[in-house]
Every structure is written in structure tokens, then in C-alpha cells.
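J.:
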Amino acid sequence: MSVGLEHFLVLGAVLFAIGIYLALTKRNAVAVLMGIELMFNAVNVTFVAFSRFVESASPLTGHVFVVFIITVAAAEAAVALALAVLVYRNRETINIDEINLLKW
Amino acid sequence: MLNQVPEAVVWAIFFLPLGSFAVISLAALLSVGGAIRWNPKLSGYITVAAIAVAFLFSLWVLDSVLQEDGRPIGFASHEWVRVGDLTVNIGLTADGLAAVMLIVVTSVSLLVQFYSQAYMHGDPGYSRYFAFMSLFTASMLGLVLSSNILQLFVFWELVGLCSYLLIGFWFYRDSARRAATKAFVVTRLGDLGFLSAILLIWTQTGELDIARIQELALTGAIGSSVIAFFAGGVFAGAAGKSAQFPLHVWLPDAMEGPTPVSALIHAATMVAAGVYLVARLFPVFAVSEEAITTVATVGAITAIIGALLGIVATDIKRVMAYSTISQLGYMMMGLGVGGFVAAIFHLFTHAFFKALLFLGAGSVNHATGTFDMRKMGGLARYMPVTFIATTIAALALVGVFPFAGFWSKDEILANAWKDQPGIFWTALAAVFLTALYVGRMLFLTFGGEYRGGEPSEHGDHSAEPHESPWVIALPLVVLAALSVGAGFVNLTDGFEHLLGGSLPQEARELQTESGFSFGIAAGSVALGLAGLGVAWLVYGLRRVRSEDVREALQPLPTVLERKYYLDDLYEGVIVKGVVMGVVVWGLGLWDRYVIDGLADGIGAFARTSGERLRLAQAGQAQVYGAAIFIGVVAAIAAILLANP
Amino acid sequence: MDSVNRLGPELILLAMAGILVLGDIAFLVTGERLLQRKRAVLAAAALAGTAGSLVWSGLLVATDTTGEAFSGTMTVDKFTLFFNFLFAGTAAIVILASVDYIKRSRFPAEYYGLVLASAAGLMLLASTIDLIAIFVALELTSISLYILVGFVKDQRSSEAGLKYLLLGAISSAVTLYGMAFLFGLSGSTGLGEIADAVAAADEGERAAYVLAAVFLAAGLGFKMAVVPFQMWVPDVYHGAPTPVTAYLSVGSKAAGFAVALRIFVEALGDGFIASDWANMFAVIAAVSMTLGNVVALAQTNIKRLLAYSSIAQAGNFLIGLAAVAANDPQVMLGTSSVMFFLATYAFTNLGAFIAVIAISNKIESDEIDDYAGMARRSPLLALGLTLCLVSLTGIPPTAGFIAKVYIFNAAVQADLVWLAVVGVLNSVLSVYYYLRVVLNMYTREPLSEEAIPLSPALGFAMATATVGLLVVGIFPFPLIEASEAAAAVFG
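Protein chains in written order, with the numbering used here: chain W, 1 to 104; chain V, 1001 to 1644; chain F, 2001 to 2491.
1. Suppose the cutoff is 7 Å on Cβ atoms and the five residues either side in sequence are ignored; what does the same chain contact list for residue 69(W) look like?
2. If you follow the alpha helix (DSSP H) that residue 2044(F) is part of, which residue opens it and which one closes it?
3. Measure how close the beta-carbons of residue 1535(V) and residue 1436(V) come, nearest whole angstrom, since I'm counting them as under 8 Å.
4. For residue 2341(F), which residues in the same chain have their Cβ closer than 6 Å to its Cβ, ignoring the five residues on either side in sequence?
5. Can you list the residues of chain F that residue 93(W) reaches, using a CB-CB cut of under 7 Å?
6. Counting beta carbon pairs with one atom in the segment 1360-1373 of chain V and one in the segment 1421-1437 of chain V, are three or more of them shorter than 8 Å?
7. Evaluate residue 1633(V) with the Cβ neighbour count: other Cβ atoms within 10 Å of its Cβ, from every protein chain shown; 16 or more gives buried, anything less gives exposed.
8. Check the Cβ-Cβ distances between residue 1631(V) and every residue of chain W, and say whether any is below 8 Å.
9. For a contact meaning CB atoms closer than 7 Å, what does residue 1624(V) contact in chain A?
10. Please state the DSSP three-state secondary structure of residue 1257(V).
11. Pick helix, strand or coil for residue 1079(V), following the three-state DSSP scheme.
12. When DSSP labels each residue in this structure, what does residue 12(W) get in the three-state scheme?
13. In chain F, which residues lie with their C-beta within 9 Å of the C-beta of residue 80(W)?
14. For residue 2099(F) versus residue 2160(F), is the C-beta distance shorter than 8 Å?
15. Under 8 Å, with one C-beta from each stretch per pair, do the segment 1397-1412 of chain V and the segment 1517-1526 of chain V reach the 3-pair mark?
16. Consult DSSP for residue 2182(F) and reduce its assignment to one of helix, strand or coil.
17. Quick check on the DSSP output: the beta strand (DSSP E) that includes residue 2067(F) runs from which residue to which?
18. From the DSSP output, in three-state form, read off residue 1090(V) for me.
19. Please determine, among 2156(F), 2469(F) and 2285(F), the residue with the shortest C-alpha to C-alpha distance to residue 2392(F).
20. Would you please state the rounded distance, in angstroms, between the beta carbons of residue 2412(F) and residue 1199(V)? I believe it to be under 8 Å.
21. From residue 2130(F) to residue 2072(F), what distance separates their C-alpha atoms?
22. Would you grab the beta carbon distance between residue 1336(V) and residue 1306(V) for me? Rounded to a whole angstrom, and I think it's under 8 Å.
23. Give the residues from the segment 23-38 of chain W that approach chain F closer than 8 Å (Cβ to any Cβ), ordered along the chain.
24. Taking beta-carbon pairs under 7 Å, can you tell me which members of the segment 2185-2219 of chain F lie near chain W?
25. Using a 10 Å radius around the Cβ and a threshold of 16 neighbouring Cβ atoms, would you call residue 2149(F) buried or exposed?
26. Comparing the CB of residue 1133(V) with every heavy atom of the ligand SAH, is any distance shorter than 7 Å?
27. List the residues of chain V that residue 2369(F) touches, going by C-beta distances under 9 Å, in chain order.
28. Using 10 angstroms around the beta-carbon of residue 2475(F), count the other beta-carbons present and answer buried if the total reaches 16, otherwise exposed.
29. Return the Cβ separation of residue 1180(V) and residue 1164(V) in integer angstroms, given the expectation that the two are a contact with Cβ distance under 8 Å.
30. Would residue 1176(V) count as contacting chain W if we go by Cβ distances under 8 Å?
31. Can you pull the chain F residues whose beta carbon is under 8 Å from the beta carbon of residue 75(W), in chain order?
32. Give the single residue among 7(W), 48(W) and 93(W) whose Cα lies nearest to the Cα of residue 2187(F).
33. Which value, in whole angstroms, describes the spacing of the CA atoms of residue 1054(V) and residue 2083(F)?
34. Classify residue 1043(V) as helix, strand or coil using the three-state DSSP reduction.
35. Beta carbon of residue 2151(F), beta carbon of residue 2111(F): below 8 Å?
36. Could you give the DSSP three-state label for residue 1146(V): helix, strand or coil?
The structure is reproduced here in C-alpha cells:
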């Protein structure tokens, strides 16, 4: 049995699902962020797999996309951590359940 | 005979009051900011001047239309909006119908504005008042002149907005605020129908031009069910604006506004806009049996209901309001029996005498500080001008020869007599009831002894009331003259000729032709006099006897007691207990549960759901995230299941 | 050089953003706080940036410049230019509205820099025709906005920032997953190539396309703020600095629609998939309008009220998008109706928020009850806010009325009569809560007689917005022509 496109897609889907699960259940905001990063990486796996297996006029596009995603995700993580610090200074918690001043 | 009126002059009729609104608002805003000093009196002068010029221009339009035998003067239309296939043109209609309405609106508005200068004197919102009144007049004129139904709808909404602003003019009164909201909501309910009618006719025919819609309806190019639904929707809008049963409930409350506002907007012009709209689309109604019957039936019911309610009200303005409802019902009924000319003729005469009644009520209020008739009485002695003017208007309203109402009301009756006996007898009953409440109003207000009035913020009115200043009295006199004279304009069928021209040829045959019928005229006048007589017996005599006789013949006031008993029986048992009991109860339920239900309580229902739904928004970011995924999964599942 | 010329409006904004931020750092390093003290200079510089961008866009229109840029990842056409004006204008009004608000902040240069950067991102979004570029432009906007939302650093602002970021990142991931599938199906990231692939696709690939379309719709729906991707809206609007809220409600939402038009109409419009996403958007539109309006009835805070109102309005825009595909020849009408509505909504909603900013600057409250008697404390502001609310309701003679007629017309033409009816009913419902604010201002006793001052910057912004909505309400034709010309790009 050789490893084909399907296997990579399933891997991507499983990673994406685990990411969702983490993002929606972890109480610590940083852990939620890790879940989101996992979702991004699931997307990266999918892109690279498609790039490798799908016939395309410009086969490198998928890889290029992945590089962009990694870069942007890093910038996003930086801002996220800064905001987490800000929230911690204000509230002395980054427990996402307790960050619910704004509601209704 | 002048030259034919140029288009710019007709536009000016609309733009003059609009300009007055703009100037006054700007000046008022700047003066609040302290940039300029603005004497509020100027606001009044500007308004009166602008409307006076508009009135002169309207006369010119009338002159030109008369030369054309009432047929529309052809003005080019201008492209306003083009959205895809939808092109909305704006343009002017100047035909017999429009000319009559122009005269009514500008003349009554002119007199009312003149009067308002004294009535609103010293009110902190003096400039605001005249700004709104100018805007209203402009919108009303725009409505009358519209050649396109969407254009008309825009002005339709604008007059509604002005009415809302003016009813709530004294917004610090809770009752005024409530009344304004109620009026706004109820009329919007009707407007919903109107808007759907516009959408319907446009999707079906692609036409919004009124003349084209008439043409298509007459040539049978539109299916009969489409016409019926279209006419029904339009009539819903007209019923809301013209306070037709069961949407009449907002008008009595609307009396919370200043009295001149009631005279102009809620008696002479805006409430007549519904009648005007039905008349404007008369050919469309006339080709649909269902539509025209609905108009006649609703009109007849409204005429009776309004008159019955008028008998028990104690607030003089509310009596007038019910009277207006009843008379508007008359006009609708007139249209419904095919009496296009008769209905508009009645609209024309009614505008003058009803405005006069309101301005008279305002004058009385100016003197006594109250609108409660139980606190008036004997004012004939103190306020002769007001008394005579009001009496003339009252007789015109009852339809006594030779006052204006006699001529117009008779035409409606004669039209109904032709082939709608049910409607005819209802209308005749309404004539009697009208006379009854008019008589009651007259005797309670002007007959007997003065019962003290009420002290108001303007000063102590418990002293002797006095006649109002000439600025108030002059419009009364002019309107009184019109209430006598307006009926004669159709003596030689000139009016009929003028209006007939505004209908397309084919539609003219759909009207009911009617001549003057001596029998009907005599009968209705007799009924009217009978009604006045009953009122005199009950309300007039009671005053005389209850005070003089009670003291002199104290041991034996049996006759008097019986009078009282009759009075109680009449008002308390028969009217209130049986007829009114059921009617008022039913109407009260409608008012409380349906109308207030909408005003406060769409309200309550939607807000409760809102309260529940907002709880989902608990501030938990992860719940929000979950909603995204649930949405995604649901969407994919729905698409693939619905269309695999 | 052609590329640079064509993307000049965006580049000017980015350059000015760079100058502001780097200049601030330079002065910081030398220990001079010059820029900190000269706040007016900063605002003027930022405004000059937007003005330059507007002028450059004007030149592009005047010289009739169109064409692709940067190896076919972006295109400049009428559609792009329409949004260039919209976004640069929005940014300019937001900057004007921020002058007073940002006085207390220690970092005004960064603030204006971020506004300009995100505006550049918004404009790029309207011009990109490649998934990679779309993603980068989306994130350029989003990351700037995350920081702006948390800019005040108090409890509410920081909470709003963190929530916005986490949910925004989740939605980005979802969008990317959709993009990955589109790439996998078509082998390309260019919208044109994807359209070709869709046209050639067979029935077996439909499920995968549906998956991709829904994932993309979820990501863009987050930006547009439509149900069920809207839940961040009330909290973030509430917590963010009010000028930023105004910016979010107009800029970010409009950009969502611009991209949606590009992706769905251009790439996914011409295939067997179109009716699926059109039905989905129709349902989402109905639900968004209804939910937004119903929950708005229960709000007591004006910012939250406007947040729910913006959800309902997004539902209105979506009607146009649903109408695009339901009927092929109506592509023009649906698209142009959305664009017209977006433009009128922009100055209407900005006007409303400016009034809220001016009032909260003084009374430091966003509670609707505290707006009692505002007509007496500031007649001009009350009048302006009333006009904006009247336009949001859709009562003539304001721009909102024309916009609603336009978009309901599009729905009726596309045989979506039921959707138009839902829209009309919702308009009636919305009267209730918009009117409540107006009644509060005009009919209740003020809590204090103290007048509300209106700074020149806010006054100018307010005047622009209200005059705009009246002019468009009375003479809508030029704007309609512009929308139609822009929509013709998809014809």
C-alpha cells in the first residue's frame, strides 16, 4: 500500500478537527491559540498534499501559499500573545471562561 | 384668462413652502447656536408669505386647467432613479382633480397659518411649529402633484412623518407622545398594504406612472385578480390615512396636537389624501366590482360608526374628530357608489367647514382654556363672531340649505339612491346622527350659561371669556364665507365639468350620473333638521329648564325629571348601553389588543423573544466559535440533503 | 511600473502608515516626544494619506486605467476603484472621528498608522483576484483591526480585542481550509482559473465544491457579520473604541462583501454550484435580518443596538448577493444593488457612530436612556443622528430608502419574492428600535441641560455623512450609475 492523496487529506482533516476541539474546549487562552495554530497547520498539510498530487500548471503555488500562511500565523500569534498579556494585566486571568464582561 | 401656466410655476407651488421650511429650520438652528438672532415671528411671516404665493400660483393652475376643460396639462416627466429595468420618473400632474386639491390645500393652509400666528403666540416651539407646517404643506402639495405612484408614496410617507411630528408637538405630554406613536404605527399598517400594491403593480406591469396604470386597467391589460389585489392594497393605505374603519382609531387621539394642526392636517388635507388617492386611481377601482364594493361598504360603516361615537364624546375636538371620520366615510362611500365628482365635491366643501369648526374650537379654547364641553356653555354671548362662524359651519356639516354641505352631501346621496339602496339608507341614518351630535355640540358650547372654563397657563380663564383677537377671527370669517359659498360652484355643473376632464374617456362612463333630486334633498334636510330638533330638546331645553325651572318649581319638577331620565336613557342606556356598548366594546377591544398591541406590543412579543435570544450572547468566546462550526456543518448538510 | 501606478492608492496609504509608525519610533529613540505633542500634525498626516489615495484613485478613473498588476494577482477595474473611494473615504471619516477620542492615548502615531494600514488592506481586498493575495490582504486588515480594537487597553477593550482575535483566527483557518479545497479541485489559486475548473467540473466533484464554498462563506460571513458567524459582533462593537467600532461596522463589513462578490460571482458563479450558495445566502439573509432586528429590540446600549442593527443590515446586503445567482441575467442588478447599498450604508452608519462618539465624549455613557432630551442639549447632533436612523430604517427621502427599493427590486427580479417580503417586514420591525432612540432624544427630559460640544473635526464628518445621505436620497442617479459601472465588471 502506498501513501496517496487520501491519506494526507485524512491527516489534514483529523488535525483540523483536533484543532477545533482544542480551540473550543481549552480554558486557557494560550491553549486556545495553540488549537488554532493546529488548524492552520492542518491547512498547510492539505495544501502541500494537493500541491504534490494535483496536476497543475504552476505546481509550486501550494507551497508558496503555505509559506505565506506560516508567516501570517506567526504575526497573528504575536498579536494574540500581546493581547493575552493585556487581558492578564487587567483581569489577572487569561481563563477564557472568565473573560465575559461583554455580553447580552 | 391668463396664459397657460409654465411648468416652473407649478414646481414653485411645491418648492415655496419647502423653501420656507429650509429657511426657518436653518435660522432656528443657527439661532440656537447663537450665530444669529432670529425673531420667531419671522418664521410665521415667511410661512404665510410662501403659502400665499403658492395659493396665487394654484389659482393660475386652476385657470389653465379650466381652459383645458379639466384635462391634464401635459408636462414632461424627468428621470429620477433608474435601477436595472426600474425607471422612476418624476413629473407633475395638473388636471381638474389636482387643481381642486391645490386650491383646497393652499387656501386652508394659508388661513390656518395666519390663524396660528395668534394661536401659537408665545409657544417656545413657535419656529419649530411653522417649520413643520411648511414641510407638511410642501409634502401635501407634492403628493397632489405627483404623476408617479412611487413619487406619490414618498410624499405620502412625508405627510405621515409631519403628522407624527405635529401630533407630538407638545412632546412633554405623555398623551401627546402616545398619540403620535399610535398614529404613526396605525397609518404605517395601512402603508404596508399600499407599498405591496405598488410592488405588485410594478412586478406585473412594469409601470409606475399613474396615467399609464389607469390606461392599462381600463383596456383590460391587467388581470382582474391583480387589479383587485392592487386596489385592495391601495385602499388599505387610503383607509389608514383617511381613518377608515377599522383603522380609524388613531384620529381621535391625534387631537393631542395643536388645534390648527388638527384643522389643517386632521380635517382638511392629509386625512383627505386617502380619498384623493382612491379618486386618483378611480378608473382602477371602477373596473373591479370587489374593490369598488369594498370602498362603498367600508365608507358606509365608517360614516355610521364615526357619527355614533361623536354623540358621546365630551371633548369638543374629539367630537370634531369623530365627525371627520364619519364625513371621510361619506366621501369614500361616494366614490364607492361611483360618484367620483360628488365625493371630491364633498371633500372640497368639507375642507372649509371642518377647518372652520376646528378653528372655532381653537378659538373657544383660547377663551376658556378647555376643550371639555361640560365646562363651556353660554359662549354665544361672549364670542359672537366665533359663535356665528361655528354655527354656519355646523349647518353646512348637517347639510342644511343653502350651506355648502347641502349641495355636496346631496350629490352623494343621489348617487347612492341610483342602485345601492342599502348604502343610501345607511347614509341617510348618518345624516340624522350627524345633526344630533352637531346640535349637541352647539348647545353645550354656546347655549345656556357659562360653566367656568378652566384656568390655564396663559392666565385665569374663570373670569368672563372674551372674543379672540382679529388674527384668529379673520380666518373664521373667511372660512364662514366659503362654507356658505363653496356649495354654489357646482350649480351650473362647472365643478363636474372640471373634474370630469381629469378622468380618462373610458372611465367617465364608469361613474354614476346623477342629477339633483328634489325629493332626496328635501328628505335629507328634513332629517337633518329633525336631528337638530332632537338635540335641542335634549341638550338645549335641558339647560334652560334645569337651572330656571328647578329653582322656581322645585316641588314639581316631574317633566324636568323625565327629561333627565330621557337624557340618561338616551345617552346612557340606548346609545351607551345598547348600541355604543357593543360598538364601543368591540372597538375598544380592537384598539386595545390589536392597535396598542402593535404600538406597544409588537413590542412586547418581539422584545421578549429578543430578551431570550440575547441570552445566547453570554460573552463566551468559545460558544461563538462553536456557532461558526455548527453553522458550517448545518449549511453543508442542508445543501447536500436538499439537492444531493 | 504599471503595477505600482495601478495600486498607487493602496501604496500611498501603506507608505504613510510606515512614515507615521517609523517616524514615531525615530523620535522615541532620540528621546524627543515631538510627535506625541503634535497630535494635530499626526491626524493631518493621516488625512493627507487618505486624501492622496482618493486623488490617485480619481486620476485612475480620469485616465481610465484598468488592468492587472503584480503578475495577475490583482486587478484594477471599475469595481476596485469604486471600493477604493469607499474605503479611503471611510478611513478619512474614521480619522476625523478619532481626533478627540484618541487624545488620552500615548500612541496616536501607531493608531493612525494602523488605521491606514488596514484601509490599504481593505482596498487590496477589493482588487485581489488570487487566493493567496486575498488571504494576505485579509490578514493585513484583520491584524491591524485586532490591535485597534484592543487599543484603549482597559478591561472592555482588551477583552474585545482578544475575543475578536481568537474568533477571527478561527474564521481565517476555516477560510483557508476552503481555499485549500478550491486549490485542490482546480490546481490553481487564480480566480479565473478556478472559474474555468468549475465550468469543467463533473457531478462527482460537487460535494467537494459545496464544502469549499461553505467554508469560504463561513470565513467571509465572519467579516460580513451574518448569522451564524456574527456572534462576535455585539461584544467586540461594545468593547472597542467607538471610532474603531464605526470602522469595523463599515469597512470590514464592506470588504467582506467585496471579496464575496469576487469569489462567488467571479470564481463560483458560472457553474452548477451557483444555486446552492445562492439558496444558502438567501436563508442566511432572512435569518440575519430577523435575528438582528429582534435582538436589537431588547438592547439598552446604543453601541450594542447598532451592532445588532449592523447584523440586520448585513442580511439586507446578502439579499443582493443571493439575487446574483438566482437568475443569470440579473448578475448586474444583484451586484450593483449590493454596492449601492454598501455605499449608502457607509455614510449612514458612520454618521450614526459619529453622533455616538460626540455624545459619549461628553457624557461618557453609551446607554440609550442617557440620550434623553439630547435634542435640547445638542439640536444638530440629534438631528444628524435622527436622519441617520431614519435612513437605516429606510424611510424616504433618505439614501436608505433608495437602497432598500434597489435591493428588494433585485430580489423580486430574481424570483426571490419571499425574501423581499421578509425584508419589508423586517424594515417595519426595525422602525421600533430606531424610533425608540429618536423618541428618547426628542421627547424626554434631559438629564442635564449642559450642551454637548461638537468639535470641528466631528462636525465636518457628521455634516459630510448626513448631507451625503440626503443628496443620495434625493438624487441617487450618479451613485447608481457608478454602482452599475462597477458591477459591469462581472458582466
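Glycine included, each C-beta is placed from N, C-alpha and C at the ideal position.
As the structure is a computational prediction, the values presented were derived from the model and not from experiment.
T.: With the given structure in hand:
1. 40, 43 and 44
2. 2039-2062
3. 5 Å
4. 2317, 2403 and 2407
5. By Cβ distance, chain F contributes nothing, its closest Cβ being about 11 Å from residue 93(W), past 7 Å.
6. no
7. exposed
8. no
9. In the displayed structure, chain A is absent; the protein chains listed are W, V and F.
10. coil
11. strand
12. helix
13. 2146, 2162, 2165, 2166 and 2169
14. no
15. yes
16. helix
17. 2067-2069
18. strand
19. 2469(F)
20. 7 Å
21. 8 Å
22. About 16 Å separates the two Cβ atoms, so there is no contact after all.
23. 23, 29, 32, 33 and 36
24. 2187, 2188 and 2189
25. buried
26. Inclusion of the ligand SAH in the displayed structure is not the case, the ligand content being empty and no account of it being possible.
27. Going along chain V, no residue has its Cβ under 9 Å from residue 2369(F), so there is no contact; the nearest lies around 16 Å.
28. exposed
29. 5 Å
30. no
31. 2139 and 2143
32. 48(W)
33. 45 Å
34. helix
35. yes
36. strand
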